[in-house]
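Asks: Just so we're aligned: 1155 in the numbering used here is position 72 of the sequence shown, and the numbers increase by one with no gaps anywhere.
I am attaching a structure below and will ask some questions about it afterwards.
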Amino acid sequence: MQSVMFKGETSQARVSSPCETDYPSESRLLISPQNPSTVTVSYRDGALLTFLFDRSTTIMDLVSMISRAGPVRKVVL
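Right, dumping it as structure tokens:
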């Protein structure tokens, strides 16, 4: 089972990306790929990995990338 933590709240429901909630759609184009966001993934075996991703990456793309890596205990955005 996977749970996603977004802004301190754990949820198994759909999570809006920070671009959808924090910025108007016009501002999405102003975010530089040189200023990436991080995703911290905690795996069941205890490994904790932090990934950098472009801020234009959608939550659905992140979920599919993370789920391919194996059983995940917690994802923090």
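Ideal placement from N, C-alpha and C gives every residue a C-beta, glycine not left out.
1) Looking only at C-alpha atoms, which of D1137, G1129, S1125 and S1139 sits nearest to S1150?
2) Beta-carbon within less than 6 Å of L1132's beta-carbon, same chain only, minus the 5 sequence neighbours each way: which residues are those?
3) Using the Cα positions of L1145 and G1129, report the straight-line distance between them to the nearest angstrom.
4) Three-state secondary structure (DSSP) at S1196?
5) Which residue marks the beginning of the beta strand (DSSP E) containing T1133, and which one marks its end?
Replies: The relevant details are as follows:
1) Within the sequence shown, the letter at position 67 stands for residue 1150. Ranking D1137, G1129, S1125 and S1139 by Cα distance to S1150 puts S1125 first.
2) Looking up residue 1132 in the sequence shown gives position 49. When the five nearest sequence neighbours on each side are left out, the beta carbons in the same chain lying within less than 6 Å of the beta carbon of L1132 are those of V1124, in order along the chain.
3) Counted from its first residue, the sequence shown places residue 1145 at position 62. Counted from its first residue, the sequence shown places residue 1129 at position 46. Roughly 20 Å separates the two Cα atoms.
4) The structure shown does not extend to residue 1196, since the chain is modelled only from 1084 through 1160, so no value can be given for it.
5) Position 50 of the sequence shown, counted from the first residue, corresponds to residue 1133. Per DSSP, the continuous beta strand (DSSP E) segment holding T1133 begins and ends at L1131 to F1136.
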